[in-house]
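So the structure is just underneath, and the comments pick up after that.
2 protein chains.
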Amino acid sequence: MPRPWIYYFGNDKADGSSKLKNLLGGKGANLAEMVNLGIPVPPGFTISTEVCTTYYDQDNQYPEGLKEEMQANLAKIEASMNRKFGDLKIPLLLSVRSGARISMPGMMDTVLNLGLNDETVQGLAEAAQDERFALDSYRRFIQMYSDVVLGLDRTRFENLLEEEKEKSKVRLDTHLKAENWRSVVKSFKDYVLRVTGKEFPQDAMSQLWGAIGAVFNSWMNKRAIEYRRINNIPSEWGTAVNIQAMVFGNMGNDCATGVAFTRDPGTGDKKFFGEFLINAQGEDVVAGIRTPQPINIAGKTPENQHLSSMEEVLPECYQTLVEIYQNLEKHYRDMQDIEFTIEKGKVWMLQTRNGKRTAQAAVKIAVDMKDEGLIDKKTAVLRVDPAQIDQLLHPTLDPKAKQDIIAKGLPASPGAATGQVVFTAEEATKCYEQGRKVILVRLETSPEDIHGMHVAQGILTARGGMTSHAAVVARGMGKCCITGCETLQVDQEGKKFMVGKHVIREGEFITLNGSTGDVILGEVPTVEAELSGDFGKLMEWVDEFRTLKVRANADTPHDAGVARKFGAEGIGLCRTEHMFFEEDRIGAVREMILADDREGRREALEKLRPMQTGDFVGIFREMKDVPVTIRLLDPPLHEFLPHSEEEIEQVANRLGYSVDRIKAKLESLHEFNPMLGHRGCRLGITYPEIYEMQARAIMEAAVDLVQKEGYSIIPEIMIPLVGHVGELKIMREVVSVTCEKVLKEKNTELKYLIGTMIELPRAALTADQVATEADFFSFGTNDLTQTTFGFSRDDVGKFLPVYLEKKILPRDPFVVLDLDGVGRLVQHAVDLGRKTKPQIKLGICGEHGGDPASVTFCHEIGLNYVSCSPYRVPVARLAAAHAALAEKKD
Amino acid sequence: MPRPWIYYFGNDKADGSSKLKNLLGGKGANLAEMVNLGIPVPPGFTISTEVCTTYYDQDNQYPEGLKEEMQANLAKIEASMNRKFGDLKIPLLLSVRSGARISMPGMMDTVLNLGLNDETVQGLAEAAQDERFALDSYRRFIQMYSDVVLGLDRTRFENLLEEEKEKSKVRLDTHLKAENWRSVVKSFKDYVLRVTGKEFPQDAMSQLWGAIGAVFNSWMNKRAIEYRRINNIPSEWGTAVNIQAMVFGNMGNDCATGVAFTRDPGTGDKKFFGEFLINAQGEDVVAGIRTPQPINIAGKTPENQHLSSMEEVLPECYQTLVEIYQNLEKHYRDMQDIEFTIEKGKVWMLQTRNGKRTAQAAVKIAVDMKDEGLIDKKTAVLRVDPAQIDQLLHPTLDPKAKQDIIAKGLPASPGAATGQVVFTAEEATKCYEQGRKVILVRLETSPEDIHGMHVAQGILTARGGMTSHAAVVARGMGKCCITGCETLQVDQEGKKFMVGKHVIREGEFITLNGSTGDVILGEVPTVEAELSGDFGKLMEWVDEFRTLKVRANADTPHDAGVARKFGAEGIGLCRTEHMFFEEDRIGAVREMILADDREGRREALEKLRPMQTGDFVGIFREMKDVPVTIRLLDPPLHEFLPHSEEEIEQVANRLGYSVDRIKAKLESLHEFNPMLGHRGCRLGITYPEIYEMQARAIMEAAVDLVQKEGYSIIPEIMIPLVGHVGELKIMREVVSVTCEKVLKEKNTELKYLIGTMIELPRAALTADQVATEADFFSFGTNDLTQTTFGFSRDDVGKFLPVYLEKKILPRDPFVVLDLDGVGRLVQHAVDLGRKTKPQIKLGICGEHGGDPASVTFCHEIGLNYVSCSPYRVPVARLAAAHAALAEKKD
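Spelled out as structure tokens, the structure:
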């Protein structure tokens, strides 16, 4: 028998289950699963994702047999609800919702109350004994359907509603009466006729097909594509459509609707956490138009304590809900995000899914559930997404800093953020491109704002609750977010917001504390993240499963210290050029560059050497007994010279050179493509005295600590930008001769390694040859990406955004390692390098070393370690554990 | 039995033969071979190249057993000559010469008259009945030995000789008497004692070992290394040492010495061609110190007709020599370069080897020998070195141009050259690096001048004959050269030369005609090379053996015409950007760049379109019925904008824009690394309208010629700088939609191909993916070399010379394809591309397409064609034939 297109659920029996998530989407699979668990769910059916993919494969044609299956399943719903679709007396109304494999909040469109028309609305009114409710539902339906299916501008309907309110001198929707709603319905329908030239569709079946088509089409709308791009979701997955009998949370005060999490999605605390609204439809809660009430007494905060909780006003329903949520969490062994509606005292579950959570919550929930025996250690480790924990690793506000708190909102997504105020996503993007940090301030956010939220440091909205669009999306992104800050008056046109006596204009700085909801004037200093407690526990488990070592890129003793705190097992990249820029030595560096001959350069280098030795002593001391890889000088020399007229003059005066001499040197050092120019080991080859000085400084520092303080150090000296084994051979000779000289002078022995960056395609392609002269390889994937793609990282801004928009590239290759191109090259180099030297030490020190997907790749090809920025070390550790566990599973 | 270290030859019997060239070196093998042929050769032996390599492998220690073998072989010589080495009465004297596999003229050191000392010199005087001769020989020996073995400055000896001449008021060496020579010998020996603290070695055996060591050591001297670098000779080959009984050309007027070629090495004419000197040693001829006499009457020229030929003065010896040379040429089936000495009427052959020749001579000799039945067609093709024929393809002096001839010398190496006068190799190199063309003017050249000769356009010397150092080396290099221009007074210190009333200073232009010996004042225009006659015949044979197609890179109808004339079978790369720079269109190009939006760009592009169409009509017409690959716009747009203040103002006025607008655009287009920036298909993706215009122009041009003139054209449209298949997919869509539109408008059908450059490592690494969207690949090895090495071609001058000097890179990878790196990548891409599309058309259009070694590689990996500059097309054709023949041999 061929697989059906449609899967029914209802009355304790479902065709599907949570196992069919790819076919039914997350929502459909969970609805089926809930039914199987005996949880009350309005009956309905799921049109599978295969229908969506077939629909797109067949140029927007539905597959054969779909219509018949739908008729049959619709009949089952009618039987179960004892109502008939399109019936004039007791009409069955339907909701139509999308549901992809992975929840895409706000991305896909939904139609509620489908089946209403000029006649069935009367039947609903009679059945519910509430004409006002029926007409309100009808106008909601017209509005939604016109927006989602007919593609009309939603704000025009809102304006028509505002007109009615003004005419009736009423401020709130709830104060409108049945006659008002009738008038609104008429004006809505008139508007549809005027704009589309056709009457609003009255046939229920046509409405249903229209809505299904709209869901499928919305899979390819711009917002959905954008969301998938950001979240790496392939468009081939498709969406399912869930069609379900409507139940009503807005049929009176014994009705309600709400959303809840089985644990606190912000902190991970084990407490039932949610919001609801009496006499409302689900959309009202999520859209953040009314500030919702807490679901229980425990959920009360200073901000919402004036509102009654469901525990208080609907205690029986609350109790049912508690039983259901406990049942669900036990079943799914994960924190659930549920939606429910109460229709005349009966609780209906509309949805359950694994709840999105902050990184902090993810860690706490994973650790707690392990401790509760719900999950094992491996599962706990796998529960925390490496991409997410970054937010735990960044500084929070310095508690000792003075904070001028000007407003308080809901702590929707924790962390701290400082930036310049902007009011639109466009402005946020523009500033981001200029390298500025911004806080996006909105009345409320909508899916159109996604790209702005993506680039902002933090998000502040005047409206919306903890489950509003802004809150959910920000938590998913790991961004600091404050919602429902109702004292804010946002004047988007005027590019300012007012709060109390303050007027904050675009470009002014504010600071958000996403953990408290505090909005603070100006910039506030921050302190480092705490890495103890649950996080520490989890990271201990992580290290039990991980086989890939994690080092850090650190150039100073301070960074080295941070790196160790974050669990770094060594330094994979210590860039010596940063040391050259420091105030007390840049003068000597410039003397060296401006010298006319080797002797002059040596003289200047001798001034630098004691300082370099000091640098290395500091770093070795900090990294005591773990390996440190030091890269010799890499950037082109002109980077160390002044460039502006003023600076040139200053430097000339300080060094006692003529301005012309400096300018002449600048001229002679000018390059058309400095990225491909005189840098890296090319400097070492033309000016070996530089590398000699550095090698001496490294060895003297190491020997000193070994001799006087009993350290055990094996310095790893790294030659940059090697493309040909001949370069490495000469540099190895220069460095090792110097090292041996130092050892002889100090009358001691010390093991040291000399290796190379693999950051040019030629080095990778000839890694078998390069390996003959290298004790280790470190893949410099930043440069390797530049040369493999032929992309200058500094110039890519002119076309890379277009590439991402047009989906030519799935992701920014400077962030996520390009496996097809650069990855193949790295793999190739690993194979060749090991062919020559099976035991060669292999690592990566590009920024990809801290990207989870790239870490997985590094694990798979068998590197010894990744090295990344200190703050990304725990991310890499977790990603490495995930990779090791995934491998075991295979 | 182990292989001996030493091989004897003499008395019609030799241990070796020409088959043992690798072991005995060219000179040793040919001496053995001559002995086997019954030709009179002074007896001697060859110390094999294995001794040299063993010597270097063992840290300058001779192998065991060598000494014993030498004693034995020395005894054989003594027996054959009936003289004893070191004997006081009839001393045997020896020559010690180097001899590598390939002749390295002037590169290796030689010692003559070895065995002379204060006592044996008396024996020699008595044996020769000529004290003056014996003392002259002795002083020559001291001078040579001191220079070569003891490392003393040769000019100091020359000065001592000059002192003696001044003291004796004598101008020529030949006028010095025995007593003068005795005094010179004394002053030489005193000088040696003074400088070295030791007496000049008197023991013959010590002298011999010293000389052998000097030969081996000279293999690693700077000049030898430089020569090997330029000529791609591996240092592992080593040199042999030839030790041979001395015969004397300077024992009186029945003695002579000379060098000759069995055919004219300049023109290839089948005539015995050579020079000799009566009463002289071989070194006197080669060093060019005395202007030598022609060997025969046929060799007389207006310049040397006052000198008697050997045919006239030593007719019997001449006849013997003629018989010997005919014997040798018949045996070796190639033109021979021979050295001989006549001692008291007896002809001794000192050397024979395949003669170096100009390209013109190589072609003529190959064709003639084929016609004479000496060699077959294949051998004829293989006899001409592809790297050499370049010189046949360059312009010669325009015969109609006025020529102000200021001097006439020997036409030592044909061709024409114009450049600024320089007087030292250093200055030549300096000017070359500044991109200036120079003529190197010297009194005479020496091996120290090699690097200067290499970079000069041509060489002019005041002294020396057709076989002088300058002449031999220049012919080998294929450089225009005039020697023996004795009217020149060269004042190197004063940086000028005088000739008649003219004073030519450094930096002034002169022109050389290497085919006539004319030295011409100023710059003279040139005309293209003739490609008919023998050359045409040879190239026909070439095409019989070749399987690789050869196309040309040509951007204009004129270049296309030249390319066809040179035998191009299509255009492999037509760069459209050069068209954009032309005076009549750069304005529209700039309008396009400065436009604010797509509409503005389209408007400007519409102005360009008819001109582009015209460009393509012209090129298609010229290439009628052979394929043309057109590359769409590639360079970054800022290249088309003015950059200087003055130009910016002009352009602003002309286009009616503000200066600020142009500056703002320049600012926005500025890139840090334009090579890796917004260019190639990245332009096509961000501004598809540009590629649309170009695609339309190509198709309209093609359709027009097909419809109106019955051409059969299959345009090949090439997308540049693709790194990811997604780029090609989008560009293919843009181009093919445009092409189809044109075809629909014109109501016709036309096949066209859309392909891509493979010029980024990522494209090569993912060629399997790229091939899905490509009808052909063209390897852009210029850019591929840049990105694979991470070398900016524009900036590489700062370190590449050091790389070549330090032998990190064997050759400039922009000239000769780097097989280990870039070659592996190309090979990989070929494999991947064919995996996806077995029939995909593959070519190369980097400058390597005209380099013989790279062409061989392209043949080996099975490319369909190479494309190179029109002038290199015959080089590529010949190289392709060589590659095909080499393959058959395997």
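Chains as they are written, first to last, in this note's numbering: chain A, 7 to 896; chain B, 7 to 896. The beta-carbon is built from N, C-alpha and C at its ideal position, and this holds for glycine as well.
{"Query": "Can you tell me where the alpha helix (DSSP H) holding A/Gln-498 begins and where it ends?", "Result": "No alpha helix (DSSP H) holds A/Gln-498; DSSP gives it neither H nor E."}
{"Query": "Once DSSP output is grouped into helix, strand and coil, what is the label at A/Asp-781?", "Result": "coil"}
{"Query": "What's the gap between the Cα of B/Gly-683 and the Cα of B/Asp-774?", "Result": "25 angstroms"}
{"Query": "So with Cβ pairs under 7 angstroms, would you call A/Glu-898 a contact of chain B?", "Result": "Outside the shown range of chain A, which is 7 to 896, sits residue 898 of chain A, and nothing can be said about it."}
{"Query": "A/Phe-797 versus chain B: which residues are under 7 angstroms apart at the beta carbon?", "Result": "Leu-682"}
{"Query": "Using a cut-off of 7 angstroms between C-beta atoms, extract the partners of A/Asp-801 located in chain B.", "Result": "Glu-677, Phe-678, Asn-679, Leu-682, Gly-683, His-684"}
{"Query": "According to DSSP, is B/Trp-225 helix, strand or coil?", "Result": "coil"}
{"Query": "Relative to the C-alpha of B/Lys-735, which candidate in A/Asp-396, A/Lys-812, A/Glu-433 has its C-alpha closest?", "Result": "A/Lys-812"}
{"Query": "Taking only beta-carbon atoms, is A/Arg-768 less than 7 angstroms away from chain B?", "Result": "yes"}
{"Query": "At 9 angstroms on the CB atoms, spell out the chain A contacts of B/Gly-729, in chain order.", "Result": "Thr-794, Phe-795, Gly-796, Phe-797, Gly-827"}
{"Query": "Under a CB-based cut-off of 7 angstroms, is B/Ile-814 close to chain A?", "Result": "yes"}
{"Query": "Less than 7 angstroms between CB atoms is the rule here; does A/Arg-688 satisfy it with respect to chain B?", "Result": "yes"}
{"Query": "Mind listing which residues of the region 84-111 of chain A have their C-beta closer than 8 angstroms to chain B's C-betas, in chain order?", "Result": "none"}
{"Query": "Can you find a CB in chain A that lies within less than 7 angstroms of the CB of B/Leu-3?", "Result": "Not covered by the structure: residue 3 of chain B. The range shown for chain B is 7 to 896."}
{"Query": "Verify whether the separation of the beta carbon atoms of A/Arg-557 and A/Tyr-877 is less than 7 angstroms.", "Result": "no"}
{"Query": "Relative to chain B, which residues along the region 825-852 of chain A have a C-beta separation below 7 angstroms, given in chain order?", "Result": "Asp-826, Gly-827, Arg-830, Leu-831"}
{"Query": "Pick out whichever of A/Gly-157, A/Arg-389, A/Ile-284 has its Cα sitting closest to the Cα of A/Lys-362.", "Result": "A/Arg-389"}
{"Query": "Using a Cβ cut-off of 7 angstroms, pull out every chain B residue sitting near A/Lys-714, in sequence order please.", "Result": "Those do not exist, as A/Lys-714 stays about 39 angstroms from chain B at its closest Cβ, beyond 7 angstroms."}
{"Query": "From the DSSP secondary-structure annotation, give me the bridge partner or partners of A/Val-353.", "Result": "A/Ile-348"}
{"Query": "Note down, in chain order, every chain B residue with its Cβ under 8 angstroms from the Cβ of A/Phe-805.", "Result": "His-684, Arg-688, Ile-691, Thr-692"}
{"Query": "What does DSSP give as the partner residues of A/Ala-262 in its beta bridges?", "Result": "A/Ile-284, A/Ile-348"}
{"Query": "Inspect the beta-carbon positions of B/Leu-756 and B/Phe-782 and report whether they are closer than 7 angstroms.", "Result": "no"}
{"Query": "Just to confirm, is the Cβ distance from B/Val-191 to B/Met-150 under 7 angstroms?", "Result": "no"}
{"Query": "Do A/Gln-325 and A/Leu-313 have their beta-carbon atoms positioned less than 7 angstroms apart in this structure?", "Result": "no"}
{"Query": "Between the beta-carbon of A/Thr-55 and the beta-carbon of A/Leu-29, is there less than 7 angstroms?", "Result": "yes"}
{"Query": "Residues in the same chain with beta-carbon distance under 8 angstroms from B/Glu-628, minus the five sequence neighbours each way, listed in chain order, please.", "Result": "Pro-563, Ala-566, Gly-567, Arg-570"}
{"Query": "What residue range is occupied by the uninterrupted beta strand (DSSP E) comprising B/Gln-250?", "Result": "245-251"}
{"Query": "In chain A, which residues lie less than 8 angstroms from B/Gln-775 when you measure between Cβ atoms?", "Result": "Asp-826"}
{"Query": "Using 8 angstroms as the threshold, is the region 301-315 of chain B in touch with the region 341-354 of chain B, meaning 3 or more CB pairs across them?", "Result": "no"}
{"Query": "In whole angstroms, what is the alpha-carbon distance linking B/Asp-159 and B/Leu-141?", "Result": "21 angstroms"}
{"Query": "Can you find the residues in the same chain that come closer than 6 angstroms, C-beta to C-beta, to A/Asp-455, ignoring five residues on each side of it along the sequence?", "Result": "Ala-431"}
{"Query": "Could you pull the DSSP bridge partners for A/Glu-722 from this structure?", "Result": "A/Thr-635, A/Leu-759"}
{"Query": "Would you kindly check if the distance between the Cβ of A/Cys-491 and the Cβ of A/Gly-415 is under 7 angstroms?", "Result": "yes"}
{"Query": "So what does DSSP say about A/Asp-343, is it helix, strand or coil?", "Result": "strand"}
{"Query": "Any idea what DSSP makes of A/Ser-419, helix, strand or coil?", "Result": "strand"}
{"Query": "Three or more beta-carbon pairs under 8 angstroms between the region 265-282 of chain A and the region 365-382 of chain A, yes or no?", "Result": "yes"}
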